[in-house]
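Protein chains: 2
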Amino acid sequence: TMKQIALYGKGGIGKSTTSANLSAALSDQGLDILQIGCDPKRDSTRMLMHGRLIPTVMDLVRERGDRDLTVGDIVFEGYNGIRCVEAGGPEPGVGCAGRGIIATFQILERLGALKGDIILYDVLGDVVCGGFAMPMREGYAEEVYLVTSGELMSLYAANNICKAIKRLSARVKGRCRLAGVICNAKNIENEEELVSDFASRINSRMVAFIPRDPVVQRSELNKMTVIEYAPDSSQAAAYRTLAGSVLENTRLDIPEPLEIDELESLAYEY
Amino acid sequence: TMKQIALYGKGGIGKSTTSANLSAALSDQGLDILQIGCDPKRDSTRMLMHGRLIPTVMDLVRERGDRDLTVGDIVFEGYNGIRCVEAGGPEPGVGCAGRGIIATFQILERLGALKGDIILYDVLGDVVCGGFAMPMREGYAEEVYLVTSGELMSLYAANNICKAIKRLSARVKGRCRLAGVICNAKNIENEEELVSDFASRINSRMVAFIPRDPVVQRSELNKMTVIEYAPDSSQAAAYRTLAGSVLENTRLDIPEPLEIDELESLAYEY
Ligand SMILES: Nc1ncnc2c1ncn2[C@@H]1O[C@H](COP(=O)(O)OP(=O)(O)O)[C@@H](O)[C@H]1O
Ligand SMILES: Nc1ncnc2c1ncn2[C@@H]1O[C@H](COP(=O)(O)OP(=O)(O)O)[C@@H](O)[C@H]1O
Ligand code: SF4
Ligand SMILES: [Mg+2]
Ligand SMILES: [Mg+2]
Chain Z
1 TMKQIALYGK GGIGKSTTSA NLSAALSDQG LDILQIGCDP KRDSTRMLMH
51 GRLIPTVMDL VRERGDRDLT VGDIVFEGYN GIRCVEAGGP EPGVGCAGRG
101 IIATFQILER LGALKGDIIL YDVLGDVVCG GFAMPMREGY AEEVYLVTSG
151 ELMSLYAANN ICKAIKRLSA RVKGRCRLAG VICNAKNIEN EEELVSDFAS
201 RINSRMVAFI PRDPVVQRSE LNKMTVIEYA PDSSQAAAYR TLAGSVLENT
251 RLDIPEPLEI DELESLAYEY
Chain R
271 TMKQIALYGK GGIGKSTTSA NLSAALSDQG LDILQIGCDP KRDSTRMLMH
321 GRLIPTVMDL VRERGDRDLT VGDIVFEGYN GIRCVEAGGP EPGVGCAGRG
371 IIATFQILER LGALKGDIIL YDVLGDVVCG GFAMPMREGY AEEVYLVTSG
421 ELMSLYAANN ICKAIKRLSA RVKGRCRLAG VICNAKNIEN EEELVSDFAS
471 RINSRMVAFI PRDPVVQRSE LNKMTVIEYA PDSSQAAAYR TLAGSVLENT
521 RLDIPEPLEI DELESLAYEY
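Residue numbers (the working numbering), protein chains in the order written: chain Z, 1 to 270; chain R, 271 to 540.
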């Protein structure tokens, strides 16, 4: 059956880098992958598209309406046949990102393009409003992975996402569950222990520890994922290990968010 | 008359660091300052409050309703008498950040606390939806400063904010105008020329170039602004110069946003 997973986390934490490399590693195993960027930055699929910022669904809907859009207008084939979509951002100053994200999913569904072995949603997690929670509320993102580092503010964002998952998991449509925590390292002291401790306190577990490695920047300069640019690197191996964990994962939990003072004392403990 | 200014920019670009130091520099000139954080991270006023994350208005409204809130519940005095408020984030998964921000302003108005020589709004600019544009739509943020670096994605966020200002400047209530561009350096090649060029192409100007300086991290470790921790440093001088420019500024423009390909070629040119 089709697996629908979402990566949520603070802006700049490494969601898109992790998503693109995860998609690439999964496609190397022969799986049919659809990656949908749900961040107004619209750069989720950039490294899969060799540096190109593909047209966004929201821009196209604003220019031409959604009636006559075709699959070819909004779905682009990137590295290894991975299908790429960018939802884009709301109409500046007036729109709602949530309405645009849902509209994107409904258009893909209507066109019969919301399919694959795995659909990967890359979603901004700074603002856990009704808008950005749409992929969870409407039952699209069934397995949520939190991307975080050991920094207090990125744990704070991850904890907020847990509050949303907990609240939404009680809804009929909400099949959303927390599938695990991915630590994308920022090289702070005792980071692996800290994030692993955080993960178990919120009733989950750390499923991957991705080192901070300059090969990521070198791959970006060459407009490729690490999987494509440096397939034999230890960093590519880390993304492949993550791909294996995602495929094998059967643990889906309802998280237990922490209070702010518990979060602060956890961060200071390490 | 009271000046109402807002700093908008991409997450992590340095809005809160710049806001807190700007407020501190302005308060050193004897001015009465109110700083309001409008970012779910709720850490806008942290260095003014010696490391404390003050209670947010949205959390208090969710716990106790807004009827019986007093000024003492939501306004905290920080460095040099600067009054600090944090709007906080929406109810995770269901709320809208915009409704919370507006509710915060209305509660402060009702309590007679939305006053001072300068009110400084520190607003997230990654998502320029109707929610985060509220300070501009409702006529609170009259002078908007864009905080950006020379990186493509931070210029992209700044350009999106310009689209919102342009669109909202035509409304009756919308007195919002672009007052200038603040470059918070990330030490990329030819950054000052690039950001200055960007500013003039959008019909504005660069009002400050703030160096990237490790004294910011040292001040943070001591839970203070640079103005308080290292008042004689060149970095403190840069924030004081910004304060002077903000006080003297009379230029308020309606911006002309760039197309995405013009933005990309500008970034690659440098
Ligand atoms: N494991 C890593 N090692 C080194 N740099 C990284 C790593 N993960 C992300 N980065 C860097 O961080 C930047 C931001 O990551 P990105 O994936 O765009 O974040 P997000 O999608 O969460 O906003 C990228 O440009 C990339 O260079
Ligand atoms: N001029 C600067 N020099 C060095 N570091 C800076 C500077 N401005 C910001 N920073 C660093 O960047 C981080 C993010 O800045 P912050 O003000 O929190 O961003 P924002 O409010 O836009 O999310 C801060 O923790 C600070 O350490
Ligand atoms: S729900 Fe979220 S995305 Fe929509 S307008 Fe409100 S803050 Fe913006
Ligand atoms: Mg991203
Ligand atoms: Mg901030």
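Even for Gly, the Cβ is constructed at its ideal location relative to N, Cα and C.
{"Query": "Any C-beta of chain R under 7 Å from that of R52(Z)", "Result": "no"}
{"Query": "Cβ of R167(Z) within 7 Å of any chain R Cβ", "Result": "yes"}
{"Query": "Buried versus exposed, by CB contacts within 10 Å (16 or more), T17(Z)", "Result": "buried"}
{"Query": "Limits of the beta strand (DSSP E) - the one that A97(Z) falls within", "Result": "Not the beta strand (DSSP E): A97(Z) falls in the alpha helix (DSSP H), residues A97 to R110."}
{"Query": "Per DSSP, the bridge partner or partners of A6(Z)", "Result": "Y121(Z) and V144(Z)"}
{"Query": "Alpha helix (DSSP H) segment containing G514(R), residue limits", "Result": "S504 to E518"}
{"Query": "Secondary structure of I306(R), DSSP reduced to three states", "Result": "strand"}
{"Query": "Uninterrupted alpha helix (DSSP H) stretches inside the region 172 to 196 of chain Z (no shorter than 4 residues)", "Result": "none"}
{"Query": "Segment limits, alpha helix (DSSP H) that includes V316(Z)", "Result": "Limits of chain Z in this structure are 1 at one end and 270 at the other, which puts residue 316(Z) out of reach."}
{"Query": "A208(Z) - containing beta strand (DSSP E), residue span", "Result": "M206 to I210"}
{"Query": "Contacts that L394(R) makes with chain Z (C-beta to C-beta distance below 8 Å)", "Result": "D126 and V127"}
{"Query": "G11(Z) and D396(R) closer than 7 Å at C-beta", "Result": "yes"}
{"Query": "Distance cut-off 6 Å: C453(R) Cβ against heavy atoms of ligand 7", "Result": "Of the ligands this structure carries, namely ligand 1, ligand 2, ligand 3, ligand 4 and ligand 5, none is ligand 7."}
{"Query": "Span of the alpha helix (DSSP H), counted from its first residue to its last, around C432(R)", "Result": "L422 to L438"}
{"Query": "Alpha carbon of E534(R) to alpha carbon of S19(Z), nearest angstrom", "Result": "23 Å"}
{"Query": "Which of helix, strand or coil DSSP assigns to R322(R)", "Result": "coil"}
{"Query": "Any non-hydrogen atom of ligand 2 closer than 6 Å to S504(R) Cβ", "Result": "no"}
{"Query": "Any chain Z beta carbon closer than 7 Å to N430(R)", "Result": "yes"}
{"Query": "Backbone secondary structure at E532(R) - three-state DSSP", "Result": "helix"}
{"Query": "Cross-chain neighbours of N156(Z) in chain R, by beta carbon under 8 Å", "Result": "First, the residue type needs correcting, since residue 156(Z) is Tyr and not Asn in the sequence shown. Per Cβ cutoff of 8 Å: K311."}
{"Query": "Among L528(R), K493(R), R510(R) and A403(R), nearest to E91(Z) - alpha-carbon criterion", "Result": "A403(R)"}
{"Query": "Span separating the alpha-carbon of V75(Z) from that of E459(R)", "Result": "35 Å"}
{"Query": "Endpoints, alpha helix (DSSP H) assigned at R407(R)", "Result": "M404 to R407"}
{"Query": "6 Å CB neighbourhood of D336(R) in its chain, flanking five on each side removed", "Result": "I377"}
{"Query": "Short CB-CB distance (under 7 Å) between A507(R) and chain Z", "Result": "no"}
{"Query": "Short-range partners of chain R found in the region 95 to 112 of chain Z, where Cβ spacing is below 8 Å", "Result": "G95, C96 and A97"}
{"Query": "Cutoff 7 Å; reference S169(Z); Cβ partners in own chain excluding five residues on either side", "Result": "C176, R177 and I254"}
{"Query": "Nearest residue (CA-CA) to E191(Z), options G180(Z), N222(Z) and S154(Z)", "Result": "S154(Z)"}
{"Query": "Three-pair Cβ contact test at 8 Å for the region 464 to 481 of chain R versus the region 506 to 517 of chain R", "Result": "yes"}
{"Query": "Beta carbon shell of ligand 1 at less than 6 Å from a heavy atom", "Result": "G9(Z), G11(Z), G12(Z), I13(Z), G14(Z), K15(Z), S16(Z), T17(Z), N184(Z), I210(Z), R212(Z), D213(Z), V216(Z), Q217(Z) and E220(Z)"}
{"Query": "Sequence-distant residues of the same chain with beta carbon closer than 7 Å to L301(R), five excluded per side", "Result": "D387 and I388"}
{"Query": "Environment of M272(R) [buried if 16+ CB atoms lie within 10 Å]", "Result": "exposed"}
{"Query": "Integer Cβ distance of E228(Z) from Y79(Z), believed to fall under 8 Å", "Result": "6 Å"}
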